[in-house]
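When the letters of the sequence shown are read in order and numbered with the working numbering, they come out as residues 73 to 396. Written below as structure tokens is the structure these notes are about.
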Amino acid sequence: MQKLALVFFIAFELCYYLLIAQTGIVEHLASNIFVIAPLPIGGVIGSILSFYIKTSNKNKIFSFLLIQLAVSFFYPNLNALLLFILGISVGALAPLLINELKKASNIQLGFALCISYALGTFLFTYEASKRGSIAIIFTIIALLSSLFLNQKENKDLTSNNYSYSLFVMVLWIFLDSTLFETLSRDLSTSIWRDGFTLEIIVFHLIGVVSAFYIKIEKTQKELLILTLFALSYLLYFLHEAFILSLVYPFVISFYNVVILQTIVKKELKVLGIYMVFIGWAASGAGLFVALENLTYFVPVIFLVCIIKILATQQSQKKELPWLN
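Pasting the structure below:
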């Protein structure tokens with residue numbers, strides 16, 4: 073029961089973030105940055121509060137989920153105050169959720185991500201203004217699941233040897249957010265609305281499984297993720313929606329597992345700080361680039377980063393000639 077509860081808690085809270093906080097509110101409020109602003113401001117505050125509130129993590133999760141549930145009853149008609157409060161609850165729950173992953177096995181995380189990607193993709197085309205019932209139901213499932221969370225940590229997920237820098241993770245999220253926000257507004261190439269739901273779900277699942285089983289060096293994995301992102305952007309520029317619906321979901325799932333394997337090792341206080349940059353700054357920058365139609369300048373970032381990674385690999389080979 074405890075294992076299933078952890079899977080449901082992770083899956084449905086991630087779905088809530090995708091369908092309500094990330095896309096539902098933004099779409100309903102017509103992507104008006106000034107109107108949406110209270111949400112990320114509250115999110116930053118919530119991420120910091122997740123550590124400084126002195127009570128058990130289980131009580132924090134339950135309390136912030138109650139706040140999320142209360143606000144969800146007013147969705148989509150959220151004023152600035154309600155957006156701010158929702159931002160605090162979602163922002164606080166993000167590091168608390170990742171901290172709970174210390175109790176999860178690779179299989180549990182894999183199942184949770186597969187559920188969230190499949191369900192999130194299936195419901196993504198549901199009109200944003202009509203997602204009120206989704207917000208309430210998903211929060212209730214997460215809330216009930218949180219009552220059965222295990223207290224014992226599992227070393228399975230935290231045993232991953234590689235750790236990636238905050239800069240690299242912020243870069244991945246920025247690239248993802250920029251393309252995601254651009255695609256969701258482009259009527260000519262919208263993979264979610266063009267009938268590719270099944271393909272997207274399947275390759276999300278393949279990406280999750282591949283992230284656990286593909287064993288390559290750290291710099292090679294960084295290069296693989298950047299290359300797949302570059303290919304995704306190229307396919308978008310070429311309006312190749314079908315191939316994009318295969319490549320882009322794969323890289324989303326793949327890099328998210330890599331990020332979670334890295335940050336799950338951090339303490340809750342550090343997780344809160346990481347969420348400010350990963351969860352709010354990087355995604356907010358991606359939204360800004362998409363809204364200002366600056367997506368075509370993003371390939372310059374790929375060129376710089378790929379050159380840097382290749383240069384790093386060459387320097388490592390010179391330091392360790394036996395690798396050649």
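Here a beta-carbon is modelled for each residue, glycine too, at the ideal position from N, C-alpha and C.
C-alpha of Leu251 to C-alpha of Ser161: approximately 26 Å in a straight line. In the three-state scheme derived from DSSP, where H, G and I count as helix and E and B as strand, Glu289 is classed as coil. Judged by DSSP secondary structure, Leu221 falls outside any alpha helix (DSSP H); it is assigned neither H nor E. Distance from the CA of Leu165 to the CA of Phe136, rounded to the nearest whole angstrom, comes to 7 Å.
Of all C-beta pairs linking the region 353-363 to the region 98-111, three or more are shorter than 8 Å, placing the two stretches in contact. For Leu375, the closest alpha carbon among the candidates Asn226, Trp352, Thr299 is that of Thr299. Shown here, Leu153 sits in a helix according to DSSP, grouped into three states. The beta carbon of Phe84 is closer than 6 Å to those of Phe210, Ile213, Ala214 in its chain, skipping five residues each way along the sequence. A distance below 8 Å separates the beta carbons of Ala283 and Val329.
Here DSSP, grouped into helix, strand and coil, assigns Tyr198 to coil. Contact check for Ile113 against Phe156 passes: the beta carbons are separated by less than 8 Å. Straight through space, the alpha carbons of Ser317 and Arg265 are spaced by roughly 11 Å. With respect to the C-alpha of Lys293, the residue from Ser177, Met347, Tyr88, Tyr236 having the closest C-alpha is Tyr236. The continuous alpha helix (DSSP H) containing Glu85 extends over residues 74-88. Our two residues, Ser122 and Leu168, have alpha carbons roughly 7 Å apart in a direct line.
Here Val370 carries a coil assignment [DSSP, helix/strand/coil]. Ser218 and Gln140 have their C-alpha atoms roughly 14 Å apart. In the three-state scheme derived from DSSP, where H, G and I count as helix and E and B as strand, Leu101 is classed as coil. Rounded to the nearest angstrom, the Cβ distance from Lys174 to Val336 is 6 Å, consistent with a contact under 8 Å. Nearest C-alpha to Thr291 among Ala383, Val274, Ser304: Ala383.
For Tyr234, no alpha helix (DSSP H) segment is defined, and its DSSP state is neither H nor E. DSSP, read as helix, strand or coil, puts Ser177 in coil.
In the structure shown, Ser205 falls within a helical segment according to DSSP collapsed to helix, strand and coil.
Counting along the chain, Lys341 sits inside the alpha helix (DSSP H) bounded by residues 340-347. Here Ala176 is buried: its Cβ has 16 or more other Cβ atoms, across all protein chains shown, within 10 Å.
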